[in-house]
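2 protein chains.
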Amino acid sequence: MSVEVNQVSMPKHPAAKAPPEQQTSLHLQSFLPYRLVVLADQVSHCIAHIYSDRFNLTRPEWRALVALVELGPVSATEIAAHSTLDKMSTSRAIKGLEEKGYLRRADAAEDRRNKIINLTAAGRGLYNKIAPLVLAQETYLLEIFSADERSMLDRLLRGLEQRAQDLQKQN
Amino acid sequence: MSVEVNQVSMPKHPAAKAPPEQQTSLHLQSFLPYRLVVLADQVSHCIAHIYSDRFNLTRPEWRALVALVELGPVSATEIAAHSTLDKMSTSRAIKGLEEKGYLRRADAAEDRRNKIINLTAAGRGLYNKIAPLVLAQETYLLEIFSADERSMLDRLLRGLEQRAQDLQKQN
DNA sequence: GGATATTAGTAACATCTGTTACTGATCTCC
DNA sequence: GGAGATCAGTAACAGATGTTACTAATATCC
Numbered sequence: 015m016s017v018e019v020n021q022v023s024m025p026k027h028p029a030a031k032a033p034p035e036q037q038t039s040l041h042l043q044s045f046l047p048y049r050l051v052v053l054a055d056q057v058s059h060c061i062a063h064i065y066s067d068r069f070n071l072t073r074p075e076w077r078a079l080v081a082l083v084e085l086g087p088v089s090a091t092e093i094a095a096h097s098t099l100d101k102m103s104t105s106r107a108i109k110g111l112e113e114k115g116y117l118r119r120a121d122a123a124e125d126r127r128n129k130i131i132n133l134t135a136a137g138r139g140l141y142n143k144i145a146p147l148v149l150a151q152e153t154y155l156l157e158i159f160s161a162d163e164r165s166m167l168d169r170l171l172r173g174l175e176q177r178a179q180d181l182q183k184q185n
Numbered sequence: 015m016s017v018e019v020n021q022v023s024m025p026k027h028p029a030a031k032a033p034p035e036q037q038t039s040l041h042l043q044s045f046l047p048y049r050l051v052v053l054a055d056q057v058s059h060c061i062a063h064i065y066s067d068r069f070n071l072t073r074p075e076w077r078a079l080v081a082l083v084e085l086g087p088v089s090a091t092e093i094a095a096h097s098t099l100d101k102m103s104t105s106r107a108i109k110g111l112e113e114k115g116y117l118r119r120a121d122a123a124e125d126r127r128n129k130i131i132n133l134t135a136a137g138r139g140l141y142n143k144i145a146p147l148v149l150a151q152e153t154y155l156l157e158i159f160s161a162d163e164r165s166m167l168d169r170l171l172r173g174l175e176q177r178a179q180d181l182q183k184q185n
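Residue numbers (the numbering used here), protein chains in the order written: chain U, 15 to 185; chain G, 15 to 185.
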């Protein structure tokens with residue numbers, strides 16, 4: 015963690031030419047954070063077109079639904095942790111899903127602070143309708159890549175995820 | 015453009031095994047759209063920590079500022095096109111930047127519908143303060159990768175960007 | 001064993017963002 | 001040359017999201 019963020023100068027890839035740091039000025043179109051955000055937004059919109067426009071779920075509701083299917087009956091906190099939602103979004107998502115009849119809450123026996131959340135049959139059914147459509151979108155996105163390219167993509171994303179987490183910790 | 019999205023079945027990579035489409039059920043942690051959004055959000059937050067927490071700009075304001083530096087004096091529409099902002103966000107961003115003294119608007123001579131936007135010295139100065147910090151973050155993110163890996167990442171992202179655009183057009 | 005801290009969840013407010021519809025300016029083309 | 005389409009930009013509303021602070025339940029530890 016020897017990298018300071020306050021200056022642009024740090025000795026990089028020693029194999030390359032001396033100081034030609036990627037670029038000394040900022041070009042949106044090739045700036046990685048910008049590209050990531052634009053790409054994610056675009057993909058996100060396509061998927062929202064399904065769960066939101068066609069099935070009337072918000073994004074947090076959709077994520078909470080998926081988390082519930084994956085985790086089984088759990089508390090709100092576990093849903094939040096699994097789906098990268100903060101606790102307020104999670105609370106709202108659960109409230110929304112409950113009002114639409116997709117889940118039910120029951121007090122946990124041993125700890126009455128948290129409630130155990132169960133999907134209803136309707137919730138299960140909704141998931142079963144949406145999931146294949148959404149998976150088809152992912153398939154479409156990846157279709158152009160070979161198996162090698164896909165695993166490369168996976169590796170690279172993993173690296174970025176790790177690195178982004180480190181960056182976040184440094185504040 | 016022969017790919018339909020409405021069904022999950024399409025004959026893909028003929029070299030691979032018959033139908034084992036990536037996964038038949040959805041796992042958030044490995045679901046590409048989810049990973050992209052989470053990663054982009056994380057990176058985005060780190061960068062916002064600079065332009066927002068430290069320099070009091072909103073994200074659209076920051077993007078418009080960058081676009082202005084890249085493009086020189088232009089109209090709001092050109093800023094929007096260059097920075098992937100819709101026209102309302104752009105309008106608000108420009109208003110905000112103007113109020114803070116970072117730009118000035120003047121009526122365009124030939125077409126009085128649009129206004130030509132000029133950065134002030136303060137706006138230039140602000141950019142010069144923020145840009146290096148933000149570029150350093152990108153450098154940090156990519157530091158772990160070799161030159162080959164970086165160009166691979168670029169290639170793969172380009173592919174996804176293209177594919178996401180196609181997907182969006184299909185609605 | 002009881003004051004203090006911590007935790008799960010939520011209410012209430014402020015802010016941001018998306019949408020619709022409008023104004024005024026310019027273009028089109030009969 | 002003028003009615004109607006189109007375009008740049010914005011106002012105004014609605015909905016979503018982030019923040020702060022609160023309640024109620026449980027843990028801690030002197």
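Positions of the beta carbon are idealized from the N, C-alpha and C atoms, including for glycine.
Here the structure is a predicted model, which is why all the values come from computation and not from measurement.
Listed by chain order, chain G residues near residue i by CB distance under 9 angstroms
i       : result
U/Pro47 : Ala54, Val57, Ser58, Cys60, Ile61, Val148, Gln151, Glu152 and Leu155
Which of helix, strand or coil DSSP assigns to residue i
i        : result
U/Arg127 : coil
U/Asp168 : helix
G/Asp162 : helix
G/Leu133 : strand
U/Asp121 : strand
U/Gly139 : helix
G/Asp100 : coil
G/Gln179 : helix
U/Leu40  : coil
G/Glu157 : coil
U/Lys7   : This structure leaves residue 7 of chain U out entirely; chain U is present only between 15 and 185.
G/Gln151 : helix
U/His27  : With a pLDDT of 42 at U/His27, under the threshold of 50, the predicted position of this residue should be treated as unreliable, though the coordinate-derived value follows. Residue state, collapsed to three classes: coil.
U/Pro33  : At U/Pro33 the pLDDT is 42, less than 50, meaning the model places this residue with poor confidence and gives no usable figure here.
Partners in chain U for residue i, counting only beta-carbon separations shorter than 9 angstroms
i        : result
G/Ala120 : By Cβ distance, chain U contributes nothing, its closest Cβ being about 24 angstroms from G/Ala120, past 9 angstroms.
G/Leu181 : Gln56, Val57, Cys60, Gln151, Tyr154 and Leu155
Within chain G, the residues that residue i reaches when beta carbons sit closer than 7 angstroms
i        : result
U/Thr124 : Looking at the sequence shown, residue 124 of chain U is not Thr but Glu. Residues of chain G passing the Cβ test: none, with the nearest at roughly 28 angstroms.
U/Ser97  : Leu42
Closer than 8 angstroms at the beta carbon, the chain G residues around residue i
i        : result
U/Arg138 : The contacting residues do not exist; U/Arg138 stays about 12 angstroms from chain G at best.
U/Ala145 : Ser39 and Leu40
U/Arg127 : Correct list: empty, because the minimum Cβ distance to chain G is about 25 angstroms.
U/Ala178 : Leu53, Gln56, Val57, Cys60 and Leu155
Within chain U, the residues that residue i reaches when beta carbons sit closer than 7 angstroms
i        : result
G/Glu84  : His41 and Leu42
G/Val80  : Leu40 and Leu42
G/Leu174 : Leu53 and Leu155
G/Leu171 : Arg49 and Leu53
Exposed unless 16 or more other CB atoms sit within 10 angstroms - verdict on residue i
i        : result
U/Thr104 : buried
G/Arg169 : exposed
G/Ser97  : buried
U/Ala94  : buried
G/Glu157 : exposed
G/Ala161 : exposed
U/Gly137 : buried
G/Gln176 : exposed
G/Arg127 : exposed
U/Gln56  : buried
G/Glu113 : exposed
U/Arg172 : exposed
Chain-ordered residues of the region 156 to 167 of chain U with a beta carbon less than 8 angstroms from chain G: Identification of residues in the region 156 to 167 of chain U having a C-beta nearer than 8 angstroms to some C-beta of chain G yields Leu156, Glu157, Ile158, Phe159, Ser160, Ala161, Glu163, Met166 and Leu167, given in sequence order.
Beta strand (DSSP E) segments (min. 3 residues) lying fully within the region 47 to 94 of chain G: As far as the region 47 to 94 of chain G is concerned, it has no whole beta strand (DSSP E) run of at least 3 residues.
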